[in-house]
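Have a look at the structure below, then the notes.
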Amino acid sequence: MSYDTNNIFAKILRGEIPCHKVYENEHTLAFMDVMPQADGHMLVIPKSPARNLLDADPTALGALLATVQRVAQAARQAFGAEGVLIQQFNEPAAGQTVFHLHFHVLPRSAGVGLRPHTGKMADNAVLAGHAAKVRAALGA
Ligand code: 5GP
139 MSYDTNNIFA KILRGEIPCH KVYENEHTLA FMDVMPQADG HMLVIPKSPA
189 RNLLDADPTA LGALLATVQR VAQAARQAFG AEGVLIQQFN EPAAGQTVFH
239 LHFHVLPRSA GVGLRPHTGK MADNAVLAGH AAKVRAALGA
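Okay, so the sequence shown: first residue is 139 according to the numbering used here, each after it adds one.
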């Protein structure tokens, strides 16, 4: 399977599609998932092309995981979460729907279930507010 440069996250990286950005550095970008399964659901992606973890350059993974850790810590603080779920899917059989490597970061608390994937986009103002909360926790 090859990398398709027209995938949605590649378009976000090129600035062709907007996103609610939470954090960015030379190698990675973190932004709000547009159909969040929990308040504060974020995605962390590498700027270098990779379809998923199976074809990723191993040398890109350190920076990616460092950003996952950083925004997970900030999300826990911002949402007063008891824990943080990290998810990562590889290929359709494993649930992957967007073919640019990404990690899901989901704040979790006991008794608060994940919302199902409805295919409905969340309210823009709500996502903007959640992104601002995480940025504040990051000190950005
Ligand atoms: P996957 O199943 O591939 O791991 O998840 C892809 C994720 O990308 C889903 O949670 C979905 O809600 C999210 N997503 C799909 N399209 C967009 C988009 O245009 N913008 C953002 N921010 N997230 C998206």
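C-beta: ideal position from N, C-alpha, C; glycine also. The model shown is predicted, which means the values in this text are computed figures rather than measured ones.
The beta-carbon distance between D177 and F217, rounded to whole angstroms, is 6 angstroms. This is short enough to meet the 8 angstroms contact definition.
Contact between the region 153-160 and the region 197-207 is not established, with fewer than three Cβ pairs separated by less than 8 angstroms. With respect to the C-alpha of S140, the residue from L191, L223 and Q211 having the closest C-alpha is L191.
In this structure L244 does not touch L265 by the C-beta definition: roughly 14 angstroms separates them, more than the 8 angstroms allowed.
The beta-bridge partner set that DSSP reports for G221 consists of R246. Here the alpha carbons of G267 and R208 stand approximately 19 angstroms from one another.
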